[in-house]
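**Q**
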Amino acid sequence: MLSRVFERFQLVHVAKYKKASADLVTWQERARKLSQQLEKARTEAEANRTKIDQLTKSLKQMERRSEATTARLEKLQLKLDKKSDREQRREDFIQQLRQQIATTEQELAAVREGLMVIEVKLDILEGAASVLDQRTRNAIAARAETPANV
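Just so we're aligned, residue 1235 is where the sequence shown starts under the working numbering, counting upward by one.
1. Mind checking whether the beta-carbon of Arg1377 lies closer than 8 Å to any heavy atom of the ligand FMN?
2. Helix, strand or coil: how does DSSP classify Gln1262 here?
3. Secondary structure at Gln1244, three-state DSSP: helix, strand or coil?
4. What's the gap between the Cα of Thr1380 and the Cα of Ser1364?
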């Protein structure tokens, strides 16, 4: 019955009041701690956002550098490929020239042998012509002497 009177006038027992006061202090302390933690978390979040922004900018710069380096690398690779192609063509050309030189040397050796054969034949013909000339001169000289003696 007393509790109904207290309820009607909105009064509470001392024990409940003390408990409610203690709970209030506890909850206020918790709220203060949570407010501090929240403020600390907000500060850390802001610092993290700043750091994320800086890292994002750095990442974008690195990506641009990477793209530029990749493009440069591709250009250098193309140049190297072109040089390699040129070098390969030069090597092929040099190989062809070496083959032509070898073939030409073989042909030259064959021609020299033929020339030597022709020179030998010419020497033989020259000797024969010389002998024939000598015989013809001797025959003409002999005829010239013979009619005069007759």
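All residues carry an ideal CB built from backbone N, CA and C; glycine is no exception.
**A** So, to answer that:
1. Although the ligand FMN was asked about, the structure shown includes no ligands whatsoever.
2. Helix at Gln1262.
3. For Gln1244, the secondary structure class from DSSP, reduced to helix, strand or coil, is coil.
4. Cα to Cα, Thr1380 sits roughly 24 Å from Ser1364.
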